[in-house]
Amino acid sequence: MKHKQKAIQLDKAKLQAHPLLGELIKNDLVNLKVNHCIGELSIEVIQTILDLHPLPVTLSTDGDCYLTLASSGILERFKAHPLSKKLTLKVLIYPADAVEHMLSVTLLYNCAVTLYLKNCLGANIQQRHACFKAHGIHAPKKTILANLANTSPSAFR
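In structure tokens:
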């Protein structure tokens with residue numbers, strides 16, 4: 001699918017969920033707790049994470065805003081950062097005729113691939129954290145990682 005890429009200031013981004021996206025995720029289960037450690041992350045860390053997760057969108061019919069083609073818990077959580085006005089968001093702008101394809105990719109295919117990969121993430125974080133320490137590379141505390149993951153530090157075993 002051909003798309004355009006653009007970077008926009010997060011606080012100036014006019015984003016609205018595509019109406020079909022809203023219908024397709026209306027029965028989703030979301031269990032996010034208030035995440036106080038977001039404010040502890042440096043702006044550089046948050047910007048890098050945002051850069052790793054561009055948001056697929058299409059233009060509204062009047063061109064006034066971007067209609068999102070994926071739900072983004074990452075974006076929603078980082079909007080609450082005290083320095084969010086300094087953040088930029090990468091958007092991938094798809095044509096209107098690609099909406100249904102993109103929704104199937106973001107909501108079904110991507111989730112299925114991600115679910116498969118998540119089975120061992122806790123153990124991988126534990127092992128990677130130990131490797132960072134062994135190499136003398138600064139790593140965040142496990143409590144911060146656990147808070148970001150909405151879990152307890154004991155999940156990293």
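For the sequence shown, full-length UniProt numbering assigns the number 1 to the initial residue and increments by one for each residue that follows. By construction, the Cβ of each residue, glycine as well, lies at the ideal position given by its N, Cα and C atoms.
**Report entry** Which of helix, strand or coil DSSP assigns to Q140
**Finding:** Looking up residue 140 in the sequence shown gives position 140. The identity of residue 140 in the sequence shown is Pro, whereas the question assumes Gln. DSSP places P140 in coil when its eight states are reduced to three.
Query raised in the report: When the Cβ atoms of the region 66-80 are set against those of the region 9-21, are three or more pairs found closer than 8 Å?
Result: yes
Query raised in the report: Distance, Cα to Cα, L50 vs K79?
Result: The count along the sequence shown starts at 1 and reaches residue 50 at position 50. The count along the sequence shown starts at 1 and reaches residue 79 at position 79. If I take the Cα positions, the gap works out to 11 Å.
Query raised in the report: Going straight from the alpha carbon of T114 to that of T61, what length do you get?
Result: Walking along the sequence shown from the start, residue 114 turns up at place 114. Walking along the sequence shown from the start, residue 61 turns up at place 61. Going from the Cα of T114 to the Cα of T61 covers about 32 Å.
Report task. Specify the secondary structure class of K2 as computed by DSSP and reduced to three states. Result -> The count along the sequence shown starts at 1 and reaches residue 2 at position 2. Note: K2 maps to coil in three-state DSSP.
Query raised in the report: Whole-angstrom Cβ separation of V91 and I8, contact assumed at under 8 Å?
Result: Counting from one through the sequence shown, the residue named residue 91 turns up at place 91. Counting from one through the sequence shown, the residue named residue 8 turns up at place 8. Yes, they are in contact, since the Cβ atoms of V91 and I8 sit about 6 Å apart, within 8 Å.
Query raised in the report: Between which two residues does the alpha helix (DSSP H) containing K133 stretch?
Result: As a first step, residue 133 must be located in the sequence shown, where it is residue number 133. Per DSSP, K133 belongs to the alpha helix (DSSP H) from L121 to A134.
**Report entry** Where the beta strand (DSSP E) through A112 begins and ends
**Finding:** Position 112 of the sequence shown, counted from the first residue, corresponds to residue 112. Here A112 belongs to no beta strand (DSSP E); instead the alpha helix (DSSP H) covers N110 to K118.
Query raised in the report: To which residues of the same chain is H3 closer than 7 Å at the C-beta, ignoring the five residues directly before and after it?
Result: The sequence position of residue 3 within the sequence shown is 3, counting from 1. Counting only Cβ-Cβ distances below 7 Å, and skipping sequence neighbours, we find L92, I93 and Y94.
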